[in-house]
Amino acid sequence: MTVPPTPTGATSMRTHLCGALRAADIGSTVTVCGWVAKRREHGEHLAFIDLRDHTGIVQCVIPGTVDVRSEYVISVQGAVRARPEGTLNPDLPTGEVEIGDCIVTILNSAEPPPFAIDDRVEVDEGIRLKHRFVDLRRPRMQANLRIRAMVNHALRSAMDRQGFVEVETPLLWAPTPEGAREFAVPSRLHPGSCYVLPQSPQLAKQLLMVAGVDRYYQIARCLRDEDLRADRQFEFSQLDVEASFVTQEDILGFVSEAVLDAAEAVTDERPEPVPRMTWAEAIDRYGTDKPDTRFGMELIDLSAVFDGTEVKAFGAPCVKAIVLEGGGTLTRSKLDGLTDRAKGLGAKGLAWFRVAAAEGADRAEGVGSDWPSLVLDSPLDRFLSDGERVGLLSATGAGAGDLILVVADEYRTACTVLGHLRLEVGGRPVSEGPYRFLWVVDFPMFDGVDEAGHPIAAHHPFTMPHPDDLGRLESDPASVRSQAYDLVLNGWELGSGSVRIHRADIQSRVFAVLGIDEDEAMSRFGFLLGAFRFGAPPHAGFAVGIDRLVAIFAGEDSIREVIAFPKTQSGSDPMTGAPKALAPGLLGELGLQVIPPRD
RNA sequence: GGACCUGUGGUGCAGUUUGGAGUGCACGCCGGCCUGUCAAGCCGGAGGUCGCGGGUUCAAAUCCCGUCAGGUCCGCCA
Numbered sequence: 004m005t006v007p008p009t010p011t012g013a014t015s016m017r018t019h020l021c022g023a024l025r026a027a028d029i030g031s032t033v034t035v036c037g038w039v040a041k042r043r044e045h046g047e048h049l050a051f052i053d054l055r056d057h058t059g060i061v062q063c064v065i066p067g068t069v070d071v072r073s074e075y076v077i078s079v080q081g082a083v084r085a086r087p088e089g090t091l092n093p094d095l096p097t098g099e100v101e102i103g104d105c106i107v108t109i110l111n112s113a114e115p116p117p118f119a120i121d122d123r124v125e126v127d128e129g130i131r132l133k134h135r136f137v138d139l140r141r142p143r144m145q146a147n148l149r150i151r152a153m154v155n156h157a158l159r160s161a162m163d164r165q166g167f168v169e170v171e172t173p174l175l176w177a178p179t180p181e182g183a184r185e186f187a188v189p190s191r192l193h194p195g196s197c198y199v200l201p202q203s204p205q206l207a208k209q210l211l212m213v214a215g216v217d218r219y220y221q222i223a224r225c226l227r228d229e230d231l232r233a234d235r236q237f238e239f240s241q242l243d244v245e246a247s248f249v250t251q252e253d254i255l256g257f258v259s260e261a262v263l264d265a266a267e268a269v270t271d272e273r274p275e276p277v278p279r280m281t282w283a284e285a286i287d288r289y290g291t292d293k294p295d296t297r298f299g300m301e302l303i304d305l306s307a308v309f310d311g312t313e314v315k316a317f318g319a320p321c322v323k324a325i326v327l328e329g330g331g332t333l334t335r336s337k338l339d340g341l342t343d344r345a346k347g348l349g350a351k352g353l354a355w356f357r358v359a360a361a362e363g364a365d366r367a368e369g370v371g372s373d374w375p376s377l378v379l380d381s382p383l384d385r386f387l388s389d390g391e392r393v394g395l396l397s398a399t400g401a402g403a404g405d406l407i408l409v410v411a412d413e414y415r416t417a418c419t420v421l422g423h424l425r426l427e428v429g430g431r432p433v434s435e436g437p438y439r440f441l442w443v444v445d446f447p448m449f450d451g452v453d454e455a456g457h458p459i460a461a462h463h464p465f466t467m468p469h470p471d472d473l474g475r476l477e478s479d480p481a482s483v484r485s486q487a488y489d490l491v492l493n494g495w496e497l498g499s500g501s502v503r504i505h506r507a508d509i510q511s512r513v514f515a516v517l518g519i520d521e522d523e524a525m526s527r528f529g530f531l532l533g534a535f536r537f538g539a540p541p542h543a544g545f546a547v548g549i550d551r552l553v554a555i556f557a558g559e560d561s562i563r564e565v566i567a568f569p570k571t572q573s574g575s576d577p578m579t580g581a582p583k584a585l586a587p588g589l590l591g592e593l594g595l596q597v598i599p600p601r602d
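For the first sequence, the working numbering begins at 4 and goes up steadily by one.
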């Protein structure tokens, strides 16, 4: 992936950019500015400086000595010339040329950097973050920042083109005790009271629909005080979208257009239209609501094979399996590790079967389910009937050298545990191509129940139930689908959205099922429900996680690599030292007092 | 809240299993040499509380306990 340099880059101090010089520039007298990437001295008559700016490196030839060190900031004036025969450097985009007879002006000296500014060395992330301004000087990080800017630009263009209007919403909002933990901001003018930073502009954008904006978007910063991961930071950016007088179909179209534009902007290639899958199918085939469809290893249902089995371990409502091709070589300790992992994920256990060719059997081809040319190697094998062995092999299609992993449990547990194991043994880094977008639709309206026995909203309480299921809202809520949908890319959830409830009668029914009475609803969401009485149009929306989208396009497995100044996993910033204790005076002004932690 | 991995000159590592002198490698840094190098080359040099604290031991980078930091994951993320 190539990031195009700034058009000319010319300023009062320079005429050209380092990485942009080519054979066509031969003969030009140029002035370039940048950092000394490398200095090579050859005695008193010749020295080379590799000068680096954000576009790349160019070789400067000094007819003498020069007193510069790594990372000195200099400007160089000289004439672009062809390199002498035999000294071209094919590894450098500027490798056909050099700047000759250079006059060097030192703009600033520099201490040696704490680590090499070089993509080839892996440096401890804590050290990188402490000196992030140095880390960002590395070409890879420069490229990541620019890819992010390209993605933002492409997303904005796509939304503008589709008639959306960019509206900014407040960062200081009111607490909405639902969903993610919120960051609180104490109020000076109202001591003891707090604003919260929005976990998303969800309610604000719905109010904009009531306001008649019709089509809203924003590249919005969202803040959630939840534990961090490779794909999660406290603060992250979303392409936030909401539109009126639309159905789910319209939203999928708008958002597809934007993300495919972004993909095309970065890769010069437009992916295929985004395929769709229902939530139920995703769980059944991949054991997750965010399937990585770059590879197979789909879940195989063995419930029929082990119906009425004598094997105690398989006496469960659901028996499912995955097959790892060539996995027969996995060591016993690795398999024990997988078993621990399965238990950690909530399964009662994990059964494994190594498949091998039977003694004297023809191994040439087509062993497949061709029992009895195959034998099973497993602690459980001696408990299986012949019929179960045949059924296991034919249902899975496993061949010699393969490994079958089986989980028997409740349906959802069996699916999700195998979904995790599938990624564990067969998964690839998210950053590896190709790009496999996927819409997951028809999410359930509710997922699980709370302590009081009320269903828990799977998305949020303003999500419109699927029209076909509305009649079962009270009688069988667990079976009700919602008009909620997720966008998935290479196994990462890129974003989610829904059609919202705009009618008070349906909203009341949903609140009732959730166990939220009218008083509670008014105290929590009163301003939204109140606004809805003044003419709320049918509306729906979506939000795309930009950090994740950019990370995948940039070939990175962590969103920290595409964020200029991210936090560590423990939520601190080694560069600024944040978070820090507040000075007592400021605490007092905010009406706050620190309670020492108890041990 | 929990599990696991990592922590050794500025950087990246080896050494830890099996305790025996801070022993080694690469890069960087400092000085010298070098007129076509490009991760330059050659010669010399400096640079270490082995994350921190405690314990075991005649003796700890190494074994044990605790703790801190970075990372991966579970919980959490409507």
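No residue lacks a Cβ here, since even glycine has one placed at the ideal position from N, Cα and C.
What's the C-alpha gap between residue i and residue j?
i    : j    : result
D228 : S15  : 45 Å
L110 : R151 : 30 Å
A367 : A345 : Caution applies to A367, whose pLDDT of 41 falls short of 50 and renders its modelled position unreliable; the model cannot decide the point.
G371 : I60  : Because G371 carries a pLDDT of 45, less than 50, the predicted location of this residue cannot be relied on, and no value is offered for it.
A215 : L174 : One point to set straight first is that residue 215 is Gly, not Ala, in the sequence displayed. Going by the C-alpha atoms only, they are around 22 Å apart.
H469 : V502 : 9 Å
R235 : P577 : 18 Å
E328 : L406 : 6 Å
A183 : Q202 : 7 Å
R224 : V326 : 41 Å
P569 : V314 : 51 Å
V553 : V154 : 7 Å
R141 : P115 : 15 Å
F514 : T291 : 28 Å
E284 : T416 : 15 Å
D602 : G195 : Low confidence applies to D602: its pLDDT is 49, below 50, so where it sits in the model is not reliable enough to give any reading.
D264 : V597 : 49 Å
S434 : H457 : 40 Å
Taking residue i and residue j to be in contact with their CB atoms under 8 Å, please state how far apart those CB atoms are, rounded to whole angstroms.
i    : j    : result
Y617 : V420 : Examination of residue 617 is not possible in this model, given that the chain is present from 4 through 602 alone.
Q2   : T172 : Missing from the structure shown is residue 2; the chain here goes from 4 to 602 and no further.
H463 : Q205 : 7 Å
F317 : A411 : 5 Å
R297 : N493 : 6 Å
L396 : A261 : Incorrect: roughly 46 Å between the Cβ atoms, too far for contact.
T18  : T34  : 5 Å
G429 : M300 : 5 Å
Would a C-beta distance cut-off of 8 Å place residue i and residue j closer than the cut-off?
i    : j    : result
L377 : A354 : no
S478 : T466 : no
G30  : V83  : yes
T68  : E101 : no
P274 : L441 : no
C418 : K351 : no
V39  : S78  : no
D472 : I459 : no
G81  : I52  : no
T399 : I303 : yes
G498 : G544 : no
V610 : L211 : With the chain running from 4 to 602 in the structure shown, residue 610 is simply not present.
Taking 6 Å as the limit between beta carbons, can you name the residues of its chain near residue i, skipping five residues before and five after?
i    : result
R431 : none
L590 : none
S482 : R475
A539 : V213 and H505
G37  : C21, L54, R55 and D56
Excluding sequence positions up to five away, which residues of its chain have a Cβ less than 7 Å from the Cβ of residue i?
i    : result
E592 : R191
P599 : none
G369 : Its pLDDT being 41, under 50, G369 is placed unreliably in this model, and the value from its coordinates should be taken loosely. Here the set comprises nothing.
Which same chain residues, not among the five before or five after residue i, have their C-beta less than 8 Å away from its C-beta?
i    : result
S381 : A354, W355, F356 and R357
F167 : R218, Y219, Y220, V244, A246 and F257
P587 : none
E391 : V308, F309, T312 and V314
Ignoring anything shorter than 4 residues or poking outside the stretch 529-600, list the alpha helix (DSSP H) runs there in chain order. 549-556 and 587-592
Tell me the start and end of each unbroken alpha helix (DSSP H) in the stretch 388-412 that is at least 4 residues and wholly inside, in chain order. 389-399
Could you give the uninterrupted runs of the beta strand (DSSP E) lying entirely in the stretch 139-225, keeping only those of 3 residues or more? 187-189 and 197-199
Along the chain, which unbroken stretches of the alpha helix (DSSP H) at least 4 residues long are found entirely within the stretch 264-338? 282-289
May I have a chain-ordered list of the beta strand (DSSP E) segments no shorter than 3 residues that lie completely inside the stretch 423-483? 440-444, 449-452 and 458-460
Any beta strand (DSSP E) of 3 or more consecutive residues that is wholly inside the stretch 74-126: 76-85 and 100-111
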